[in-house]
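Participant: Residue numbers (mature numbering (1 follows the signal peptide of the UniProt record, and there is no 0)): -36 to -1, 1 to 296. By construction, the Cβ of each residue, glycine as well, lies at the ideal position given by its N, Cα and C atoms. A single structure is presented below for examination.
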Amino acid sequence: MPNPPVQPFAVRSRQRRLAAGMIAAALLALAGPAIGQTPAAQPPAAKTAPAQAAPATPSAPAAPSAPTLPPKAAAEAAPQAVPGFWDPRRRPDRPDLSRLTVIRFLTETDYPPFNFTGPDGNPAGFNVDLARSLCDEIKVTCTIQMRRFETLIDALATNRGDAIIASMAVTPQLRAKVDFTDPYYRAPARFVSRRDNVMPEIRPEYLEGKKVGVIGGTSHEAYLKAMFTDAEIHSYPDNDALRAALRRGEVDFIFGDAISLAFWINGTDSAECCAFSGGPFVESRYFGEGVGIAVRKGNDLLRQSLNWALFRIWEKGRFTDLWLRYFSVSPF
């Protein structure tokens, strides 16, 4: 999902297919402890329609009591963090599952590792296996149909399917057309530096006078301009130019989608030059609400059943197992 003009966190549009990227979450108000640990691989993140640039003035990261710079940390691959978007104190009620006889899932044709055609010609990927786990938990027959992403909403509206599980980012525009389950993943933003310049924590005052690269016209750029006002911001047209600038030392840091950055850092293209600095940023007004499963407006039985099943497979550890099978790099 390459970053086009102004878009939030994991954007579901053909343009925003970053060369490589993935998913993750944590630091979410929705509780749910992160669990699990691991290292690397290489694929993409989620999607949605281009969004407006940053809104007014969300609260900036808290300033420390003493403005001393944090010590540099050794550049190490971050341990894998499995997202937990479910609060064990808010267990959803079990709906009347007997009213469901089949769930016809719709998904995308070519968005690995989330959706792709397997060696046997059948749908495969994280979203596909998650759909199968949900149907197994609900104990209902499942079908999974692959379609081009841009046709999914229309297929749902015309009753050619019951639910879309295709890394579709929740946006106000889509909420007007479909209902969404609770989010099952979300992509943060993060800073990356060269390995000899890693900082364990990043706050606005730490980057005063520092050169920070970002893709122009994106929500990441808008966030930097709103929050890191003392940094020297350099805009680049695409990911290749942005990452090359960091490798060459033209900028001290780059800022962008943590999922694609995680796989770039641990892939061959980075030549082991760089590592994450500081933690994730998950301001929803800039980086999105998360990724959910879409159902037709008013289909509360299916939406509630899927929410119940999502909670159950997370509670049983099956979501963690699935996550670690596909995503060995943590953007957190």
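#1: If you follow the beta strand (DSSP E) that A258 is in, where does it begin and where does it stop?
#2: Within the continuous alpha helix (DSSP H) that includes L265, where are the two ends?
#3: Thinking C-beta only, is T105 closer than 8 Å to R267?
#4: Roughly how many angstroms separate the alpha carbons of R54 and P147, rounded to a whole number?
#5: Just confirm the distance between the C-beta atoms of F251 and S199, as a whole number of angstroms; I'd bet it's less than 8 Å.
#6: When the Cα atoms are used, what is the spatial distance from P152 to C99?
#7: Which whole-angstrom value is the C-beta distance of V156 and I229, which I expect to be below 8 Å?
#8: Would you identify the three-state DSSP class for P168, choosing helix, strand or coil?
#9: DSSP on I191, reduced to helix/strand/coil?
#10: For R289, count neighbouring C-beta atoms within 10 Å of its own C-beta (all shown protein chains included) and say buried if the count is 16 or more, exposed if not.
#11: When DSSP builds the beta bridges, which residues end up paired with N79?
#12: Once you ignore the five residues that flank I197 on each side, which residues in its own chain have a CB closer than 6 Å to its CB?
#13: What is the residue span of the beta strand (DSSP E) that S157 lies within?
#14: Taking the C-alpha atoms as reference points, what is the distance between A9 and K103?
#15: For a test of the three-state rule: what should DSSP assign to F245, helix, strand or coil?
#16: Roughly how many angstroms separate the alpha carbons of T73 and F113, rounded to a whole number?
#17: Any beta carbon from chain C within less than 8 Å of F227's own beta carbon?
#18: Could you check how far apart the C-beta atoms of L64 and L265 are, in whole angstroms? I think they sit under 8 Å.
#19: Going by DSSP, what residue range makes up the beta strand (DSSP E) through C106?
#20: Along the beta strand (DSSP E) that carries D143, what are the first and last residues, could you check?
#21: In three-state DSSP terms, what is C237?
#22: Buried or exposed: A194, going by 16 or more other Cβ atoms within 10 Å of its Cβ?
#23: Just to confirm, are F90 and P77 a CB contact at a threshold of 8 Å?
#24: Where A258 and A226 are concerned, what is the direct C-alpha to C-alpha distance, given to the nearest angstrom?
#25: Going straight from the alpha carbon of A186 to that of Y170, what length do you get?
#26: Taking a contact to mean a Cβ-Cβ separation below 8 Å, would you say L120 touches R276 in this structure?
#27: Note the first and the last residue of the continuous beta strand (DSSP E) segment covering D221.
#28: Are the beta-carbon atoms of residue 327 and V142 separated by less than 8 Å?
#29: Taking only the alpha-carbon atoms, compute the straight-line gap between G213 and M191 and give it to the nearest angstrom.
#30: Could you give the first and the last residue of the continuous alpha helix (DSSP H) run that contains V92?
#31: Alpha carbon to alpha carbon, how far is E253 from K280? Give it in angstroms, no decimals.
Facilitator: Once the coordinates are examined:
#1: Here residue 258 is taken as the residue at index 294 of the sequence shown, counted from 1. That run of the beta strand (DSSP E) goes 255 to 260.
#2: Taking the sequence shown and counting its residues from 1, the one referred to as residue 265 is at position 301. Start and end: 264 to 279.
#3: The residue you call residue 267 lines up with position 303 of the sequence shown. The residue you call residue 105 lines up with position 141 of the sequence shown. The answer is no: Cβ separation not under 8 Å.
#4: Translated into the one-based positions of the sequence shown, residue 54 becomes position 90. Translated into the one-based positions of the sequence shown, residue 147 becomes position 183. Taking the straight line joining both Cα atoms gives about 14 Å.
#5: The residue labelled residue 251 in the question sits at position 287 within the sequence shown. The residue labelled residue 199 in the question sits at position 235 within the sequence shown. Rounded, the Cβ-Cβ distance is 18 Å, inconsistent with contact.
#6: Taking the sequence shown and counting its residues from 1, one reaches residue 152 at position 188. Taking the sequence shown and counting its residues from 1, one reaches residue 99 at position 135. Approximately 29 Å between the Cα atoms of the pair.
#7: In the sequence shown, residue 156 corresponds to position 192, counting from 1. In the sequence shown, residue 229 corresponds to position 265, counting from 1. Indeed, because the Cβ distance is near 7 Å, the residues count as touching under 8 Å.
#8: Stepping through the sequence shown from its first residue, residue 168 is reached at position 204. Reduced to three states, the DSSP call for P168 is helix.
#9: Residue numbering aside, residue 191 sits at position 227 when the sequence shown is read from its first letter. Here residue 191 is Met; the residue named in the question, Ile, does not match the sequence. Three-state DSSP puts M191 in a helix.
#10: Your numbering for residue 289 matches position 325 in the sequence shown. Looking at its Cβ environment, which holds fewer than 16 other Cβ atoms inside 10 Å, R289 is exposed.
#11: Position 115 of the sequence shown holds residue 79. Answer is Y75.
#12: Mapped onto the sequence shown, residue 197 falls at position 233. These residues qualify, in order along the chain: V176, L188.
#13: By 1-based counting over the sequence shown, the position of residue 157 is 193. Where S157 is concerned, the enclosing beta strand (DSSP E) stretches over 153 to 158.
#14: Position 45 of the sequence shown, counting from 1, holds the residue named residue 9. Position 139 of the sequence shown, counting from 1, holds the residue named residue 103. Model confidence at A9 stands at a pLDDT of 47, short of 50, so the residue's coordinates are unreliable; what they give is reported in the following sentence. So the two alpha carbons sit approximately 29 Å from each other.
#15: Translated into positions along the sequence shown, residue 245 becomes position 281. Strand at F245.
#16: Here residue 73 is taken as the residue at index 109 of the sequence shown, counted from 1. Here residue 113 is taken as the residue at index 149 of the sequence shown, counted from 1. Whole-angstrom Cα-Cα distance: 7 Å.
#17: The structure shown contains no chain C, having only a single protein chain.
#18: Reading the sequence shown from its first residue, position 100 is the one you call residue 64. Reading the sequence shown from its first residue, position 301 is the one you call residue 265. Going by Cβ atoms, the distance from L64 to L265 rounds to 7 Å, so yes, they are a contact pair.
#19: For the purposes of this step, residue 106 is identified with residue 142 of the sequence shown, where counting begins at 1. Looking at the DSSP string, the run of the beta strand (DSSP E) that includes C106 is 105 to 111.
#20: Residue mapping note: residue 143 aligns to position 179 of the sequence shown, counting from 1. Per DSSP, D143 belongs to the beta strand (DSSP E) from 142 to 144.
#21: Stepping through the sequence shown from its first residue, residue 237 is reached at position 273. In the structure shown, C237 sits in coil (DSSP, three-state: anything other than H, G, I, E or B).
#22: Numbered from 1 along the sequence shown, position 230 holds the residue referred to as residue 194. Correcting the residue identity first, residue 194 is Asp in this sequence and not Ala. Per the 10 Å Cβ criterion, exposed.
#23: Mapped onto the sequence shown, residue 90 falls at position 126. Mapped onto the sequence shown, residue 77 falls at position 113. Closer than 8 Å, so yes.
#24: Here residue 258 is taken as the residue at index 294 of the sequence shown, counted from 1. Here residue 226 is taken as the residue at index 262 of the sequence shown, counted from 1. In a straight line, the C-alpha of A258 is about 27 Å away from that of A226.
#25: Here residue 186 corresponds to residue number 222 of the sequence shown, with the count starting at 1. Here residue 170 corresponds to residue number 206 of the sequence shown, with the count starting at 1. So the alpha carbons of these two residues sit roughly 19 Å apart.
#26: As a first step, residue 120 is located in the sequence shown; it is residue number 156 there, counting from the start. As a first step, residue 276 is located in the sequence shown; it is residue number 312 there, counting from the start. Taking 8 Å as the Cβ cut-off, L120 and R276 do not qualify as a contacting pair.
#27: As a first step, residue 221 is located in the sequence shown; it is residue number 257 there, counting from the start. 217 to 221 is the span of the beta strand (DSSP E), which, as asked, contains D221.
#28: Nothing in the structure corresponds to residue 327, since the chain is present only between -36 and 296.
#29: Sequence index remark: in the sequence shown, residue 213 carries index 249 (1-based). Sequence index remark: in the sequence shown, residue 191 carries index 227 (1-based). The alpha-carbon atoms of G213 and M191 are separated by roughly 23 Å.
#30: Position 128 of the sequence shown, counted from the first residue, corresponds to residue 92. First-last of the alpha helix (DSSP H) with V92: 90 to 102.
#31: Position 316 of the sequence shown, counted from the start, is the residue given in the question as residue 280. Position 289 of the sequence shown, counted from the start, is the residue given in the question as residue 253. Approximately 25 Å between the Cα atoms of the pair.
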